[in-house]
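Have a look at the structure below before the remarks.
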Amino acid sequence: MSTKTESAARRRAPLTRERVLRAAVDLADKGGIGEVSMRKVGQELGVEAMSLYNHVANKEQMLDGMVDLVVSEIEPVSGGADWKSALRDQVMAAREVMTRHGWAPAVIETRTEASLPTLKYFDSIVGILRSGGLSLNLIHHGLHALGSRALGFSQELFDDSEALEENPEVAALMLQQMTEEYPNVSAMLAEISHDEGSVVGTGCDDNIEFVFAVDLIIDGLERLRDNE
């Protein structure tokens, strides 16, 4: 009974932009970004879809706002750590948020402009790097090297590992066919194959690979700073 009462109370609450965006984020968290539409968000809030247009002009503006909410969830690192630890902690805090909202990275990749929350977040990243004595020029290059990792996710190329894992026979045939023409890639794939028996696969934990890349970049920035 209390759950129904609370739900009804939420539906009667005044409609605001933040309520609209929170409802959209909740829908995406539950069912993926494909579940988000003006109609479904309206249903979630107990209003007609047309009511939402007073707060978000269209679907793209809703997606912009959803990204802003997610980026705003990234907790700033506490002071006192050295710049390398601070940067690593900040990036991993972002990764925790992106893992919680698995749909967000794909949506972020489609945005064409940096919003104010995103700029604020990157300003904190630049501040961490400046505290480590890196020049502004090196920081600029460092941000390009970090890319989407600064926001807690990697833009992977050719990631078909799930499909290959589901079809080990096909994967084994692919590897056999590749061996003659692409001996080096084939050797690598064979080496990192999963223990469970699939012949082709990433053989890697996504989080381990993410941290590996971030640590390489941070160590490289330190080396370049010392050589400036």
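So the sequence shown is numbered by our numbering: it starts at 20 and just counts up by one. Every residue, glycine too, gets a C-beta built ideally from N, C-alpha and C.
Inset, instruction - Determine the direct distance from the alpha carbon of residue 45 to that of residue 218, and round the result to whole angstroms. - result: Sequence index remark: in the sequence shown, residue 218 carries index 199 (1-based). Sequence index remark: in the sequence shown, residue 45 carries index 26 (1-based). Here the model assigns residue 218 a pLDDT of 34, short of 50, so the residue's position is not dependable, and the following value carries that caveat. Roughly 38 Å between the two C-alpha positions.
Inset, instruction - Evaluate contact between the stretch 159-169 and the stretch 230-247, counting only Cβ atoms and requiring at least three cross-stretch pairs below 8 Å. - result: yes
Inset, instruction - Would you mind stating whether residue 1 and residue 102 have Cβ atoms separated by less than 7 Å? - result: As shown, the chain starts at 20 and ends at 247. That puts residue 1 outside it, with no answer to give.
Inset, instruction - Reducing DSSP to helix, strand and coil, say where residue 237 ends up. - result: Taking the sequence shown and counting its residues from 1, one reaches residue 237 at position 218. In this structure, residue 237 counts as helix in the three-state DSSP scheme.
Legend entry - Alpha carbon of residue 220 to alpha carbon of residue 155, nearest angstrom: Counted from its first residue, the sequence shown places residue 220 at position 201. Counted from its first residue, the sequence shown places residue 155 at position 136. Low confidence applies to residue 220: its pLDDT is 40, below 50, so where it sits in the model is not reliable, and the reading given next is rough at best. In a straight line, the C-alpha of residue 220 is about 40 Å away from that of residue 155.
Legend entry - Burial state of residue 201 (16 or more Cβ within 10 Å): Residue 201 sits at position 182 when you count from the first residue of the sequence shown. Exposed is the call here.
Inset, instruction - Check whether the stretch 136-150 touches the stretch 104-115, counting contact only when three or more Cβ pairs, one atom from each stretch, lie closer than 8 Å. - result: yes
Inset, instruction - Express the C-alpha separation of residue 204 and residue 85 in angstroms, rounding to a whole number. - result: As a first step, residue 85 must be located in the sequence shown, where it is residue number 66. As a first step, residue 204 must be located in the sequence shown, where it is residue number 185. Roughly 39 Å between the two C-alpha positions.
Inset, instruction - Would you check if there are 3 or more beta carbon pairs closer than 8 Å linking the stretch 34-49 to the stretch 78-94? - result: yes
Legend entry - Identity of the residue in 49, 73 and 105 nearest residue 37 by Cα: Residue numbering aside, residue 37 sits at position 18 when the sequence shown is read from its first letter. Among 49, 73 and 105, the Cα nearest to that of residue 37 is on 73.
Legend entry - Alpha carbon of residue 151 to alpha carbon of residue 157, nearest angstrom: Working through the sequence shown from its first residue, we reach residue 151 at position 132. Working through the sequence shown from its first residue, we reach residue 157 at position 138. Looking at the two C-alpha atoms, the distance is approximately 11 Å.
Legend entry - Buried or exposed by the 16-neighbour rule on C-beta atoms within 10 Å, applied to residue 94: On the sequence shown, residue 94 is found 75 positions in, with the first residue counted as 1. By the neighbour-count rule (16 or more Cβ atoms within 10 Å), residue 94 is not buried but exposed.
Legend entry - Check whether residue 231 and residue 173 have beta carbons under 7 Å apart: One-based indexing of the sequence shown puts residue 231 at position 212. One-based indexing of the sequence shown puts residue 173 at position 154. No, the pair does not count as a contact, with Cβ atoms beyond the cut-off.
Legend entry - Rounded separation between residue 76 and residue 92 - CA only: As a first step, residue 76 is located in the sequence shown; it is residue number 57 there, counting from the start. As a first step, residue 92 is located in the sequence shown; it is residue number 73 there, counting from the start. So the two alpha carbons sit approximately 23 Å from each other.
Inset, instruction - List the whole-angstrom C-beta distance separating residue 82 from residue 126, where the pair is believed to meet the contact cut-off of C-beta under 8 Å. - result: Within the sequence shown, the letter at position 63 stands for residue 82. Within the sequence shown, the letter at position 107 stands for residue 126. With 8 Å as the limit, residue 82 and residue 126 qualify as a contact, their Cβ atoms being about 6 Å apart.
Legend entry - Contact under 7 Å by Cβ, residue 117 with residue 166: If you number the sequence shown from 1, residue 117 lands on position 98. If you number the sequence shown from 1, residue 166 lands on position 147. Not a contact, by the Cβ cut-off of 7 Å.
Inset, instruction - Check residue 102 in the structure and name its three-state DSSP category. - result: Mapped onto the sequence shown, residue 102 falls at position 83. Here residue 102 sits in helix by DSSP.
Legend entry - Element boundaries [alpha helix (DSSP H), containing residue 129]: Counting from 1 along the sequence shown, the entry for residue 129 is found at position 110. Where residue 129 is concerned, the enclosing alpha helix (DSSP H) stretches over 123-129.
Inset, instruction - Closer than 8 Å by C-beta to residue 226: which residues in its own chain qualify, once you throw out the five before and the five after it? Chain order, please. - result: To locate residue 226, count along the sequence shown from 1; it is residue 207. Counting only Cβ-Cβ distances below 8 Å, and skipping sequence neighbours, we find 114.
Inset, instruction - Check each candidate in 233, 206, 80 and 120 and name the one with the smallest Cα separation from residue 169. - result: Reading the sequence shown from its first residue, position 150 is the one you call residue 169. Comparing Cα-Cα distances from residue 169 to each of 233, 206, 80 and 120, the minimum goes to 233.
Inset, instruction - List the endpoints of the continuous alpha helix (DSSP H) containing residue 203. - result: Within the sequence shown, residue 203 is the residue found at index 184, counting from 1. Looking at the DSSP string, the run of the alpha helix (DSSP H) that includes residue 203 is 202-210.
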